[in-house]
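Novice: Here the protein sequences line up with chains B and Z, keeping their order.
Counting from 1, one number per residue, gives the positions in the first sequence under the numbering used here.
Counting from 1, one number per residue, gives the positions in the second sequence under the numbering used here.
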Amino acid sequence: MTRPSVPTTPHLLLCDMRTALLILTAALALTACGSNSSKADYDVPCICGTDEAQIDGCAHPACIADEHNPDNPDCVCGTMTFEEEK
Amino acid sequence: MKSLLRPLTILAALCLCTAAHADSVRLKDGTRISGKATKYDATSEVLSWKDDSGKNHELKLTDLDERSTYSVLKAQVPKDNGSGQLQLANYARDIELFKHAVRHYGYAEKADPSLKSEVDKELAVLRSRAAKWSMARAREASAKGDKKKALDWLERVILKLPDEPEAAEAQRLVDNYYASVKAESTKEVDNHEDELLEQELAHGKKAYDSMLERNKKALQSKGGSSAVKGWEAAIKDGEKAIGEIDKFEKKYPGKHTELLAGYRKTINDQSIEIYMNLASQYATRSSYNKALTEANKALAIDSNNAEALSMRARIQDAASRGLHWL
């Protein structure tokens, strides 16, 4: 008599899924934290790097808060941060 | 279910990559290095930089372009260091980051009120340079045949730097661009062939033309209060023009809906522009509350107007930080 084959339980798979979902949630939360658009109730594009910004300034929420907008490589708002050397 | 795992993991990885935003520096030759600063040695003026691949670079300040140099220097000067902020402001001004410079002058004065006279002196230099620089942008745009942009730059000089000699020159030049730029903006709605519409909206058209003329004259006027009066009258003209459209719509429901929407938009855009001019005029005089009221009036017409949103944010920023306006 052969032992009946145990049906594959999705237990391990579920663990993987849970882990993936956890990472995804964490990543989304981090992205949301990194997004500067949530800092204000208005949404205007970052115009740093244009001639107009040199005179008018940029009203992107990050720039108004005197923070760097990492999505615009031409943004010089905010203060350069220094990563600790390990 | 397993098929879901891979895309989810990839998505998560992508999100994490986006979350870990990197800074970047640019060298004088235009090369951009993405990564993170690790150290700056003020004595040797060397920036230690770790690029995205983990490689370390020792970058001399003299090898960085002006904007990256400004970013590095800015990180070294605390906001409460008055003389440091003054030097930083002068540096920003000299590399034509005028608005950044104005902010640093504000910080300098706040940190050390005794610097006020020096700040005022440097600000005067800034205004003079900014006016010349803006006029150069107007000329550039004009040379490229971009009349709208040229007019935008002239208006900037008139509204933001009214006491500079270039403002008078800009006022004279407005005539060269204004009529054709405005004609371009109404080209689509002007190209109709309906006599009834033309007849019924004759008063509205007259009011709109008057609105444009008043706006132009206000831009060209010398005194601040006469400009304000002109713009206020122009707004009333706009309201009258909108009233004529309302009347037509009531009289002929469903007729020329699209065309009338176009007229309405043209008038509303012009009204927003005038409210922005008023806001700018008040902000230049540091009347931030009045400036805010005008920006809000523009937003009452179009709550998503990017220029009005930007203006309101800039006014609120200048008012809350007690900064100078440019």
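Every residue gets a Cβ at the ideal spot worked out from N, C-alpha and C, and that includes glycine.
Looking only at DSSP bridge pairs, what is G35/Z linked to?
Specialist: D23/Z, D51/Z
Novice: Mind checking Q76/Z: buried by the 16 CB within 10 Å criterion, or exposed?
Specialist: It is exposed - the Cβ of Q76/Z has fewer than 16 other Cβ atoms within 10 Å.
Novice: Could you tell me which residues DSSP pairs with F98/Z in its beta bridges?
Specialist: DSSP, once it has assigned bridges, lists no residue as partnering F98/Z.
Novice: Taking its Cβ as the centre, do 16 or more other Cβ atoms sit within 10 Å of G327/Z, making it buried, or is it exposed?
Specialist: Examination of residue 327/Z is not possible in this model, given that chain Z is present from 1 through 326 alone.
Novice: For R314/Z, name the three-state secondary structure that DSSP assigns.
Specialist: helix
Novice: Determine the contact status of Q54/B and L97/Z, defining contact as a CB-CB distance below 9 angstroms.
Specialist: yes
Novice: Output, in chain order, the set of chain Z residues within a Cβ distance shorter than 8 angstroms of E67/B.
Specialist: Simply none; closest approach about 11 angstroms.
Novice: Skipping 5 residues on each side, what residues in its chain have a beta carbon closer than 6 angstroms to that of K148/Z?
Specialist: V181
Novice: From the beta carbon of Q270/Z, is the nearest beta carbon of chain B less than 9 angstroms away?
Specialist: no
Novice: Kindly indicate which residue of V44/B, E52/B, C63/B has the alpha-carbon position closest to the one of C75/B.
Specialist: Ranked by Cα distance from C75/B, the options V44/B, E52/B, C63/B are led by C63/B.
Novice: Taking L59/Z as part of the beta strand (DSSP E), name the residues at either end of that continuous run.
Specialist: 56 to 60
Novice: Give the single residue among P73/B, G49/B, E83/B whose Cα lies nearest to the Cα of S34/Z.
Specialist: P73/B
Novice: What does DSSP give as the partner residue(s) for L64/Z in the beta ladder?
Specialist: L27/Z
Novice: Find the residues of chain Z that neighbour A53/B, judging by a C-beta separation of less than 8 angstroms, and give them in chain order.
Specialist: K99
Novice: Can you give me the Cβ contacts of L212/Z inside the same chain, cut-off strictly under 6 angstroms, excluding the 5 residues immediately before and after it?
Specialist: K182
Novice: For a contact meaning CB atoms closer than 9 angstroms, what does E58/Z contact in chain B?
Specialist: Within chain B, no residue comes near E58/Z; the closest Cβ sits about 13 angstroms away, beyond 9 angstroms.
Novice: CB-CB under 6 angstroms to E200/Z, same chain, minus the five flanking residues each way: which ones, in chain order?
Specialist: F248
Novice: Consider the Cβ of W133/Z: report whether some Cβ of chain B lies at a distance smaller than 9 angstroms.
Specialist: yes
Novice: Under the three-state reduction of DSSP, which class applies to Y275/Z: helix, strand or coil?
Specialist: helix
Novice: So with Cβ pairs under 9 angstroms, would you call S24/Z a contact of chain D?
Specialist: No chain D appears in the structure shown, which is made up of the protein chains B and Z.
Novice: Among the candidates A170/Z, D63/Z, A111/Z, V102/Z, whose CA atom is the shortest distance from the CA of S134/Z?
Specialist: A170/Z
Novice: In three-state terms, what does DSSP make of Y252/Z?
Specialist: Correct three-state label for Y252/Z: coil.
Novice: Out of curiosity, what's the CA-to-CA distance linking K297/Z and N277/Z?
Specialist: K297/Z and N277/Z have their C-alpha atoms roughly 12 angstroms apart.
Novice: Tell me, please, whether the CB atom of S128/Z is closer than 9 angstroms to any CB atom in chain B?
Specialist: no
Novice: Of all the residues that make up the segment 288 to 318 of chain Z, which are near chain B by a beta-carbon distance shorter than 7 angstroms?
Specialist: Taking 7 angstroms as the Cβ-Cβ cut-off against chain B, the residues of the segment 288 to 318 of chain Z that qualify are A306, L309, S310, A313, R314, D317.
Novice: Please name the residue, chosen from L299/Z, K217/Z, G82/Z, N191/Z, that lies closest to S168/Z on a Cα-to-Cα basis.
Specialist: One detail in the question is off: residue 168/Z reads as Ala in this sequence, not Ser. If we check each option's Cα against that of A168/Z, K217/Z comes out closest.
Novice: Excluding the 5 residues preceding and the 5 following M311/Z in the sequence, name in chain order all residues of the same chain whose CB lies nearer than 7 angstroms to its CB.
Specialist: Only M276, A279, A295 meet the Cβ criterion.
Novice: Please identify, using Cβ separations under 7 angstroms, the residues of the segment 55 to 80 of chain Z that lie next to chain B, in order along the chain.
Specialist: R67, Y70, S71, V72, K74, A75
Novice: On a CA-only basis, which of L86/Z, R214/Z, V125/Z, R139/Z is nearest P113/Z? Give me that one, please.
Specialist: L86/Z
Novice: Which of the three DSSP states is assigned to V228/Z in this structure?
Specialist: In this structure, V228/Z counts as helix in the three-state DSSP scheme.
Novice: Please look up how many angstroms separate the CB atoms of H203/Z and L259/Z, rounded, as I've assumed it's under 8 angstroms.
Specialist: A Cβ-Cβ separation of about 17 angstroms leaves H203/Z out of contact with L259/Z under the 8 angstroms criterion.
Novice: From H60/B to E52/B, what does the alpha carbon distance come to, in whole angstroms?
Specialist: 13 angstroms
Novice: For the alpha helix (DSSP H) containing V157/Z, name the first residue and the last one.
Specialist: 147 to 160
Novice: Please list, in chain order, the chain Z residues whose beta carbon lies closer than 9 angstroms to that of T81/B.
Specialist: D23, K36, A37, A75
Novice: Alpha carbons only, please: which of V25/Z, K236/Z, A42/Z, S226/Z is nearest the one belonging to D209/Z?
Specialist: K236/Z
Novice: Counting only beta-carbon separations shorter than 9 angstroms, does R137/Z have a partner in chain B?
Specialist: yes
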